[in-house]
Amino acid sequence: MRMRVWIYGSVSCAMVILFVASVARFYHPGTGFTSLIGFPAGHDYEVPAMRGVPHYDYADFSYDGQFYAQLALDPLLRDQATDRAMDMAPFRARRILFSWTAHALGLGRPAWILEAYALQNVVCWLILAALLTRWMPPTTGRGLALWSACLFSHGTLWSVRFALLDVPSLTLTTLAVVAVEKGRPLLSAVIIGIAGLGRETNLLALASQPIPRDRRAWARLLPVVFLAVLPMLIWLDYLRSIYRSTLLAHTDQLMLGTGLIKGWQDVIFIDVKNGGLFSLAGVWLCLLISVAVQAVYLLVRREYETPWWRVAIVYALLMVFLDRVLADPNTGAITRVLLPMTVGFNVLLASETRWTRFWPWFALGNLHLLGVATFKGL
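Residue numbers (the working numbering): 110 to 487.
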């Protein structure tokens, strides 16, 4: 028994080392780890403050991390050039937290700020690896499988690869759930309030709060909700002094579920039909199947008293609100946005006693792992 624990523990440590080694490959002399961010060549979307800072540019693509990295250079949005450097300025500005942390960690120095922003996901991934052992210790075959499925999921690696907001957000959500499980709902609310500054959907972690059973419980819930939403309200009020509105309508979705249905239709009837099941389109189909299976499992196994179930089911409902861009697996967004559902699914799966139920659900719900093959460098 001890030998098995040692073997599985060694494998988990080796996987962490492999992850760190993969990230190290993105280091380039002169530009550091800025290749993780995804800056485009041409400098059309760069603030003047960044043009004098060495950073890695890609000739053929870019990704959203570039905007939040530049926000870190001007975290209070005092320079109008910051707006011109972003594609959707009010929308990006709402999600300011991890730009603030990068600015603080970089001690206000532009070159250090970019490095700090690029590596935030890596640090949060390592923290998350430790936190997840609370529910899925990688000392058994099943535990190692579940732990790996969360840490090496398509959404997790995509966030790390492009220095996005998802893994840091998931780390804070996980800390909030830990606080609830330890009987500290107010601390959880504070964490959620901070996380809400990173992305508004992080407030959905309020679902982890204990279910109120009487008037006293409802009364205790009110200050919890207030603490959670207050930081975002204050920041939105500040943004309204800069923009007329911080709300951004950038979706063509007309009805609930339209984006998700469109995503399925495009993948099945266009991408898979043209490229074949064993092409990249087949991987996209696996991503959609995995999140669908996770949602079904949560509906079948209703554990209302489990904080992770409550968080995960709320994110399952969030799927029907996704617009066409987010629901399109080609963008890499759907698995990132629904990461708390993926973790919640695997946490619940850890308590399955029958292998005949565990492994089929695990295999189908974690088909997103096939997407790892599409990453370059990680």
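Glycine included, C-beta positions come from ideal geometry on N, C-alpha and C. Being a predicted model, the structure only gives us computed values, none of them experimental.
Assuming GLY302 and LEU339 form a contact by the criterion Cβ under 8 Å, report the distance between their Cβ atoms to the nearest whole angstrom.
Going by Cβ atoms, the distance from GLY302 to LEU339 rounds to 6 Å, so yes, they are a contact pair.
Quick check: the Cα distance between SER278 and TYR177, rounded to an integer number of angstroms?
In a straight line, the C-alpha of SER278 is about 14 Å away from that of TYR177.
In the DSSP assignment, what residue or residues form a beta bridge with HIS477?
According to DSSP, HIS477 bridges with nothing at all.
What are the boundary residues of the alpha helix (DSSP H) that includes VAL287?
It spans 275–290 - the alpha helix (DSSP H) in which VAL287 sits, taken as one unbroken run.
So what's GLY141 in DSSP terms, helix, strand or just coil?
If DSSP states are grouped into helix, strand and coil, GLY141 belongs with the strands.
Just confirm the distance between the C-beta atoms of VAL333 and ALA298, as a whole number of angstroms; I'd bet it's less than 8 Å.
The pair is a contact, with the Cβ atoms about 4 Å apart (cut-off 8 Å).
Excluding the five sequence neighbours on either side, which residues of its own chain have a C-beta within less than 7 Å of the C-beta of GLY368, listed in chain order?
If we look at GLY368 and ignore the five residues flanking it on each side, its Cβ neighbours are GLN362, LEU431, ASP432, ARG433, LEU435, ALA436.
Alpha carbons only, please: which of LEU182, MET341, VAL232, TRP244 is nearest the one belonging to GLY217?
When each option's Cα is compared against that of GLY217, the closest is LEU182.
Does the segment 469–480 touch the segment 392–406, meaning 3 or more C-beta pairs lie closer than 8 Å?
The answer is yes - the segment 469–480 touches the segment 392–406, with three or more Cβ pairs under 8 Å.
How many Å lie between TYR136 and VAL129 at the Cα?
Each residue's alpha carbon lies about 11 Å from the other.
Would you mind stating whether THR248 and TYR165 have Cβ atoms separated by less than 7 Å?
No; because the gap between Cβ atoms is not below 7 Å, this pair is not in contact.
For the 8 Å Cβ check, are there 3 or more pairs between the segment 312–324 and the segment 222–233?
Verdict: no, contact absent.
Run through DSSP, which three-state label would PHE471 get?
It is helical.
Ends of the alpha helix (DSSP H) at VAL405?
Segment 389–409, the alpha helix (DSSP H) holding VAL405.
Checking the sheet assignment: what are the DSSP bridge partners for PRO294?
For PRO294, which the question treats as bridged, DSSP gives no partner whatsoever.
Which residue comes first and which comes last in the alpha helix (DSSP H) that contains GLY252?
Its alpha helix (DSSP H) spans residues 250–260.
Can you grab the Cα-Cα spacing for the pair LEU185 / SER268, in whole Å?
When rounded, the distance between both Cα atoms is 24 Å.
Within the same chain, show all residues whose beta-carbon is closer than 6 Å to that of MET112, passing over the 5 residues directly before and after it, in chain order.
So the list is empty, once near-sequence residues are dropped.
Counting C-beta neighbours from all protein chains within 10 Å, is the total for GLY307 16 or more, i.e. buried, or is it exposed?
It counts as buried.
Which residues does DSSP list as the beta-bridge partners of PHE148?
In the DSSP output, where bridge partners are listed per residue, PHE148 has ASP166.
Identify the continuous alpha helix (DSSP H) that holds TYR413 and give its terminal residues.
Element bounds for TYR413: n/a, residue is neither H nor E.
Scan the segment 185–261 and note each continuous alpha helix (DSSP H) run of 4 residues or more that stays entirely inside, going in chain order.
Taking only runs of at least 4 residues, the alpha helix (DSSP H) segments lying wholly in the segment 185–261 are 189–193, 198–203, 206–214, 219–240, 250–260.
Within its chain, find whatever has a CB closer than 6 Å to the CB of ALA314; leave out the 5 residues flanking it on each side and keep chain order.
These residues qualify, in order along the chain: THR282, ALA285, ILE301, VAL420.
Below 8 Å, can you find three or more Cβ-Cβ pairs linking the segment 234–249 to the segment 453–469?
Yes: at least three Cβ pairs fall under 8 Å.
Nearest by alpha-carbon distance to THR210: which of GLU414, LEU274, ARG410 is it?
It is LEU274 whose Cα lies nearest to the Cα of THR210.
Please report the residue range of the alpha helix (DSSP H) in which LEU330 lies.
Residues 324–349.
Rounding to the nearest angstrom, what Cα-Cα distance links GLY151 and SER208 in this structure?
Approximately 23 Å between the Cα atoms of the pair.
Excluding five sequence neighbours on each side, which residues of the same chain lie with their C-beta closer than 8 Å to the C-beta of GLN374?
Excluding sequence neighbours, GLN374 sits near nothing in its chain.
Tell me which residues share the same chain as PHE467 and place their Cβ nearer than 7 Å to its Cβ, disregarding the 5 neighbours each side in the sequence.
Correct list, in chain order: ARG251, LEU458, GLU461.
Classify PHE128 as helix, strand or coil using the three-state DSSP reduction.
Helix at PHE128.
When you compare each of PRO219, TRP221, ALA220, TRP256 to ILE236 by their alpha carbons, which one comes out closest?
Ranking PRO219, TRP221, ALA220, TRP256 by Cα distance to ILE236 puts TRP256 first.
I need the straight-line Cα distance from TRP106 to LEU260, nearest angstrom please.
This structure gives no information on residue 106, because the portion of the chain shown stretches from 110 to 487.
Please check the pair VAL392 and THR280, which I expect to be a contact at CB under 8 Å, by giving their CB distance rounded to whole angstroms.
Contact doesn't hold; Cβ gap of about 26 Å is too wide.
For my contact list, VAL156 and ASP188 are in at a C-beta cut-off of 8 Å; report their separation, rounded to the angstrom.
Yes, VAL156 and ASP188 are in contact; Cβ-Cβ is about 7 Å, under 8 Å.
Taking its Cβ as the centre, do 16 or more other Cβ atoms sit within 10 Å of ILE126, making it buried, or is it exposed?
So ILE126 counts as exposed.
What residues in its chain sit with their C-beta under 7 Å from that of ALA337, if we drop five residues either side in the sequence?
Correct list, in chain order: ALA298, ILE301, GLY302, GLY305, LEU312, LEU315.
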